[in-house]
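Novice:
2 protein chains.
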Amino acid sequence: MAQDKKVEQITSMEDDFAQWYTDICKKAELIDYSSVKGFMILRPYGYAIWENIQRIMDGEFKKTGHENVAMPALIPESLLKKEGELVNGFAPEVAWVTMGGSDKLEERLAFRPTSETMFCDHWHSVLQTYRQLPMLYNQWCSVIRWEKTTRPFLRSREFWWQEGHTIHETAEEAMAETEQQLNCYADFCRDALAMPVVKGRKTDKEKFAGAEATYTIESMMKDRKALQSGTSHYFGDKFSRAYDVTFTGRDNKLQYPFQTSWGTTTRLIGAVIMTHGDNNGLVLPPAIAPIQVVVIPVAAHKPGVLEAAAEIKTRLEAAGLRVKLDDSDNSPGWKFAEYEMKGVPVRVEIGPRDLEKGQCCLARRDTGEKSFVALDGLESQVQSLLTAVHDNLYAQAEKNLEDNTFDLNSWQEVKEMVETKGGFARTKWCGKLECELKMKELAGVSSRCMPLKQSGTEGVCPVCGEKCTTDIYWGVAY
Amino acid sequence: MAQDKKVEQITSMEDDFAQWYTDICKKAELIDYSSVKGFMILRPYGYAIWENIQRIMDGEFKKTGHENVAMPALIPESLLKKEGELVNGFAPEVAWVTMGGSDKLEERLAFRPTSETMFCDHWHSVLQTYRQLPMLYNQWCSVIRWEKTTRPFLRSREFWWQEGHTIHETAEEAMAETEQQLNCYADFCRDALAMPVVKGRKTDKEKFAGAEATYTIESMMKDRKALQSGTSHYFGDKFSRAYDVTFTGRDNKLQYPFQTSWGTTTRLIGAVIMTHGDNNGLVLPPAIAPIQVVVIPVAAHKPGVLEAAAEIKTRLEAAGLRVKLDDSDNSPGWKFAEYEMKGVPVRVEIGPRDLEKGQCCLARRDTGEKSFVALDGLESQVQSLLTAVHDNLYAQAEKNLEDNTFDLNSWQEVKEMVETKGGFARTKWCGKLECELKMKELAGVSSRCMPLKQSGTEGVCPVCGEKCTTDIYWGVAY
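Going down the list, the protein sequences come from chains A and B.
The first sequence begins at 1 in the UniProt record's numbering and counts up by one.
The second sequence begins at 1 in the UniProt record's numbering and counts up by one.
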């Protein structure tokens, strides 16, 4: 019930960022914990955000010729083991099915931690000639990784994701696909999540188990920590060789295709919370908000008010917006707080005095600003306001990223940054694993990525002092 | 490659219906077998059909206020066991996770065979007052049931489905929901799959483990066997009591909500194959066809042909249709066979002579009829043809159902029907389990359902001869 349920205060982000985050997850009704330790339930409001993410992203994938498929959830151990690096990377966190009904299985089956092996197994069965290439596949599903410590959206034993898997005739085409999908993710973060990212390449230490190269988008949360928000991998022909995936090439000889994979997850919802949220709750970018506009009648018992509110809803829906009219018997004040908690981008208030004046009040979730607009032409006013909300959210996040990215020269400076306000440290790096490990040990940061935009200037490695040119980002990561 | 790949003949359905079915699954590229015994892979074309089914059905669910959620894939054994009938019904076919990483789990976890228990667990945690009711939830996911013998779409160890789960304040509301969703399924089968169904109630023997009542839609395949195509269950407050799901009612007392669940699966794709397919392959109803119209240029090297074909594609897409232009270098004859195998409802052919006359040729997949139509106004011609294809497919399937449903009076007549041509036997039934079991033993049929449309006439039970009024359907089922 609405009235029984209080919109409770949440912990302020300045007091306890982690608790603030968990409070939003629970109080905006995004998730619930379950009887299965480390697993989460996506409640209707949380899942509706994920549906919007899926719809937009899936549309982008299809524009570039990708097709969806569904692979088995369980992978035989022998199949998983054919590629040594992958299985070593994932073995410690695999959930194993060992019984079917009352029978012990002859071979245990892994609940997929990722599906490269299943796709290779399938391609081994269906690929024959270069004319079938490229094969551009994707699947939406959940995966399980047996994490020790878990947090909603950020790290849970099961999470929902998409995993793209493609094979190509040439290494160049596969590299181009890897890059295209990284850009697809970055554009999605900008246009749908109002979230700027740093695009870059992972170091060998941080790359995906079995990949030749891993590319990543890294975003900065309001607590100035890094969140890896999507990755795109280039495998060369390593898995093709391990799984005997071959095709007859243009030269009539048997060849191995070149492979990519790329993924984003429900973690993006965590990114949105920590990029835009505030002490009143969630703040959602309009593109993924389940409710873009909430209409709230004020003094709803007065003649004409409810009818006018209903008409506003009808008109805005006809303009293609996702609208909710809350005509429940809760007080307007309660409703304001409730939809602020849920991050609804725009609120429309209408009462008897507005009706007289032929106007209504629009309130923005991001800035709290209110404005009165004429009911005539309301649609375009709301559309503009939604665009303004998106743009402002992006600008704020970009400012946070820029203000808290520091060009530093020594590990001592990086350490000081971490211990004071946090942020991204941009330094040079000599390329040695040793220095990467020392940076972690001495300054408490992991390498986030070598940005695709390299400055080309010369500097020194902040650990060993060697002259070098490679730019790299460091930070404390989720 | 297209040219390397022959469109091979498939087994004729008259020679071997089971092999004909499997041939279509493979040669229309709907599925592939995998390295995991009893599991299937949904290939792009098969998954695209499922995506269309999902999109349409999900839209219908949302119109009646249902919301999607995501529940954990794994269920603790103790949770599963709280409701005795359910666990007894499913225990023999559950896949058990017993290891997480290298650690043996303290309690084994079932890969969900169905999720009533998880929904109850969640409701136990979030439900407080009658004002929160009804909760109308659904999830799209896969489930695992460890079947001994498997067939693509019809019976496999993993399948994809939607499972709706709802709770209500009163028994009446829950019963109304059960009925509404059964009707939703029947309407979907008629409007999207061009498939008539018999709506009815299952006998106690055939109902879902733990349900108070199970309703079903039963369809008849071209081999006159029955396919259970969707079910809707009413649970009363049995699970609520077992899982301690309670709310404060209008009378301020603690009450148990009344519950339903309802599901349809990728089995519907099997139903479509066996309802509409023929010896040239798949025949898809337009509403769920990934490609509704294929455009094939004839003598494509002649001036203007390819351009005209491309323009037709553009125009038909602008009219909202799903269109593929096949401008590959395969012969038109090969292409005709290929898209017949894939069940594309309408083919547009255009060659130099058509161009001269300002026309093109339309060929229907269902009847093979060809007609020449003017390029002007092509959109409406194609739209009408797609409607005609749908209507004809439905009419054919309805004729098959009606022609092969027999009103019979004794088990001997039912046995004779089964041994000659098959079909549905409609008889009276006294309601005794004993007679139902004897019918199976003596005539080889299972009860399909007691139709919602009861004639009300009196007759005799075909087994014991007792006077009774209940109508019931019998058949050999998949």
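In this text, a Cβ means the ideal position worked out from N, Cα and C, and glycines have one as well.
Tell me which same chain residues have a C-beta within less than 7 Å of the C-beta of Asn299 of chain B, skipping the five on either side of it?
Specialist: On the second sequence, position 299 is the one that residue 299 of chain B refers to. According to the sequence as given, residue 299 of chain B is Ala; it is not Asn. Counting only Cβ-Cβ distances below 7 Å, and skipping sequence neighbours, we find Val305, Gly351 and Pro352.
Novice: Listing by chain order, which chain A residues have their CB less than 9 Å from the CB of Val245 of chain B?
Specialist: As a first step, residue 245 of chain B is located in the second sequence; it is residue number 245 there, counting from the start. The premise fails here: Val245 of chain B is roughly 13 Å from chain A at the closest Cβ pair, so nothing lies under 9 Å.
Novice: Please specify which runs of the beta strand (DSSP E), each continuous and at least 3 residues long, are wholly inside the region 235 to 292 of chain B, giving them in chain order.
Specialist: As far as the region 235 to 292 of chain B is concerned, its whole beta strand (DSSP E) runs of at least 3 residues are 258 to 265.
Novice: Should the region 332 to 352 of chain B be regarded as contacting the region 404 to 421 of chain B, the criterion being three or more beta carbon pairs within less than 8 Å?
Specialist: Not touching, per the Cβ criterion.
Novice: Mind listing the chain A neighbours of Arg43 of chain B? Cutoff is C-beta to C-beta under 7 Å, in chain order.
Specialist: Indexing the second sequence from 1 puts residue 43 of chain B at position 43. Val69, listed in chain order.
Novice: Taking DSSP as the reference, what is the three-state secondary structure of Ser371 of chain B?
Specialist: On the second sequence, position 371 is the one that residue 371 of chain B refers to. Ser371 of chain B: strand per DSSP, three-state reduction.
Novice: Beta strand (DSSP E) containing Phe159 of chain B: first to last residue?
Specialist: By 1-based counting over the second sequence, the position of residue 159 of chain B is 159. Counting along the chain, the beta strand (DSSP E) containing Phe159 of chain B begins and ends at Glu158 to His168.
Novice: Do Ala271 of chain B and Ser229 of chain B have their CB atoms nearer than 7 Å?
Specialist: In the second sequence, the residue the question calls residue 271 of chain B occupies position 271. In the second sequence, the residue the question calls residue 229 of chain B occupies position 229. The answer is yes: Cβ separation under 7 Å.
Novice: Excluding the 5 residues preceding and the 5 following Val373 of chain B in the sequence, name in chain order all residues of the same chain whose CB lies nearer than 7 Å to its CB.
Specialist: Numbered from its first residue, the second sequence carries residue 373 of chain B at position 373. For Val373 of chain B, where only same-chain residues beyond five positions count, the Cβ hits under 7 Å are Gln359, Cys360, Leu362 and Gln381.
Novice: Decide if the region 281 to 299 of chain A is in contact with the region 146 to 164 of chain A; the criterion is three or more beta carbon pairs, one per stretch, under 8 Å apart.
Specialist: Not touching, per the Cβ criterion.
Novice: For the pair the region 184 to 201 of chain A and the region 47 to 66 of chain A, tell me if three or more CB-CB distances fall below 8 Å.
Specialist: Flag = yes, the region 184 to 201 of chain A and the region 47 to 66 of chain A touch.
Novice: Candidates B:His276, B:Leu321 and B:Gly422: which alpha carbon is nearest Glu398 of chain B's?
Specialist: As a first step, residue 398 of chain B is located in the second sequence; it is residue number 398 there, counting from the start. When each option's Cα is compared against that of Glu398 of chain B, the closest is B:His276.
Novice: Any beta carbon of chain A sitting closer than 7 Å to that of Pro72 of chain B?
Specialist: Start at 1 with the first residue of the second sequence, and residue 72 of chain B comes out as number 72. At least one chain A Cβ lies under 7 Å of Pro72 of chain B.
Novice: Count the C-beta pairs between the region 131 to 150 of chain B and the region 8 to 24 of chain B that are closer than 8 Å, then say yes if the count reaches three, no if not.
Specialist: In short, these stretches do not touch, since the Cβ pair count stays below three.
Novice: Cβ of Ser35 of chain B less than 7 Å from any chain A Cβ?
Specialist: For the purposes of this step, residue 35 of chain B is taken as residue 35 along the second sequence, with counting starting at 1. Yes, contact with chain A.
Novice: Excluding the 5 residues preceding and the 5 following Asp354 of chain B in the sequence, name in chain order all residues of the same chain whose CB lies nearer than 6 Å to its CB.
Specialist: Your numbering for residue 354 of chain B matches position 354 in the second sequence. Cys360.
Novice: Using the C-alpha atoms, what's the distance from Asp376 of chain B back to Leu401 of chain A?
Specialist: Within the first sequence, residue 401 of chain A is the residue found at index 401, counting from 1. Within the second sequence, residue 376 of chain B is the residue found at index 376, counting from 1. Computed Cα separation, rounded: 56 Å.
Novice: Taking only beta-carbon atoms, is Leu79 of chain A less than 7 Å away from chain B?
Specialist: The sequence position of residue 79 of chain A within the first sequence is 79, counting from 1. It does: the Cβ of Leu79 of chain A has a partner Cβ on chain B nearer than 7 Å.
Novice: With a threshold of 16 other CB atoms inside 10 Å of the CB of Ala318 of chain B, please say whether the residue is buried or exposed.
Specialist: The sequence position of residue 318 of chain B within the second sequence is 318, counting from 1. It is exposed - the Cβ of Ala318 of chain B has fewer than 16 other Cβ atoms within 10 Å.
Novice: Please confirm if Phe39 of chain B has its CB atom under 7 Å from at least one CB of chain A.
Specialist: Position 39 of the second sequence holds residue 39 of chain B. It does: the Cβ of Phe39 of chain B has a partner Cβ on chain A nearer than 7 Å.
Novice: First and last residue of the beta strand (DSSP E) that includes Tyr33 of chain B?
Specialist: Taking the first residue of the second sequence as 1, we reach residue 33 of chain B at position 33. Counting along the chain, the beta strand (DSSP E) containing Tyr33 of chain B begins and ends at Ile31 to Tyr33.
Novice: Would Gly84 of chain A be called buried (16 or more neighbouring beta carbons within 10 Å of its own) or exposed?
Specialist: Translated into the one-based positions of the first sequence, residue 84 of chain A becomes position 84. The residue in question, Gly84 of chain A, is exposed, as its Cβ has fewer than 16 Cβ neighbours within 10 Å.
Novice: Name, going along the chain, the residues of the region 160 to 175 of chain A whose beta-carbon falls closer than 9 Å to a beta-carbon of chain B.
Specialist: If the cut-off is 9 Å between Cβ atoms, the region 160 to 175 of chain A has Trp160 near chain B.
Novice: Quick check on the burial criterion: 16 or more other C-beta atoms within 10 angstroms. Buried or exposed for Glu356 of chain B?
Specialist: On the second sequence, residue 356 of chain B is found 356 positions in, with the first residue counted as 1. Flag for Glu356 of chain B reads exposed.
Novice: By the criterion of Cβ-Cβ separation under 9 Å, what are the contact partners of Pro92 of chain B in chain A?
Specialist: Here residue 92 of chain B refers to the residue found at position 92 when the second sequence is read from its first residue. In chain order: Gly101 and Ser102.
Novice: Kindly indicate which three-state DSSP category Met13 of chain A falls into: helix, strand or coil?
Specialist: On the first sequence, position 13 is the one that residue 13 of chain A refers to. Here Met13 of chain A sits in coil by DSSP.
Novice: Among B:Val414, B:Thr166 and B:Pro196, whose alpha-carbon lies nearest the alpha-carbon of Ala395 of chain B?
Specialist: Position 395 of the second sequence, counted from the first residue, corresponds to residue 395 of chain B. Closest by alpha carbon: B:Pro196.
Novice: Is it true that the CB of Ser447 of chain A sits closer than 7 Å to the CB of Glu212 of chain A?
Specialist: Looking up residue 212 of chain A in the first sequence gives position 212. Looking up residue 447 of chain A in the first sequence gives position 447. The answer is no: Cβ separation not under 7 Å.
Novice: Short check: CB of Glu93 of chain A to CB of Gly101 of chain B, under 7 Å?
Specialist: Walking along the first sequence from the start, residue 93 of chain A turns up at place 93. Walking along the second sequence from the start, residue 101 of chain B turns up at place 101. Yes.
Novice: Closer than 7 Å, CB to CB, is Cys461 of chain B near chain A or not?
Specialist: Position 461 of the second sequence, counting from 1, holds the residue named residue 461 of chain B. Answer no: the Cβ-Cβ gap between Cys461 of chain B and chain A never drops below 7 Å.
Novice: Taking only the alpha-carbon atoms, compute the straight-line gap between Ala209 of chain B and Val69 of chain A and give it to the nearest angstrom.
Specialist: For this step, residue 209 of chain B is matched to residue 209 along the second sequence. For this step, residue 69 of chain A is matched to residue 69 along the first sequence. C-alpha separation (whole angstroms): 31 Å.
Novice: Select from B:Asp16, B:Val418, B:Leu182 and B:Val463 the residue whose C-alpha is nearest the C-alpha of Gly444 of chain B.
Specialist: Locating residue 444 of chain B in the second sequence gives position 444, where the first residue counts as 1. Closest option to Gly444 of chain B, Cα to Cα, is B:Val418.
Novice: For a quick check, are the C-beta atoms of Tyr130 of chain A and Glu169 of chain A less than 7 Å apart?
Specialist: Position 130 of the first sequence, counted from the start, is the residue given in the question as residue 130 of chain A. Position 169 of the first sequence, counted from the start, is the residue given in the question as residue 169 of chain A. For Tyr130 of chain A and Glu169 of chain A, yes; Cβs fall inside 7 Å.
Novice: Are there three or more Cβ pairs, one per stretch, closer than 8 Å when the region 247 to 266 of chain B is compared with the region 217 to 236 of chain B?
Specialist: A contact exists between the region 247 to 266 of chain B and the region 217 to 236 of chain B.
Novice: What runs of the beta strand (DSSP E), each 3 residues or longer, lie entirely inside the region 148 to 234 of chain A?
Specialist: Those beta strand (DSSP E) runs which fall completely within the region 148 to 234 of chain A and span 3+ residues are 158 to 168, 198 to 201 and 213 to 220.
Novice: Classify Gly100 of chain B as helix, strand or coil using the three-state DSSP reduction.
Specialist: Indexing the second sequence from 1 puts residue 100 of chain B at position 100. The answer is strand: DSSP assigns Gly100 of chain B an E or B state.
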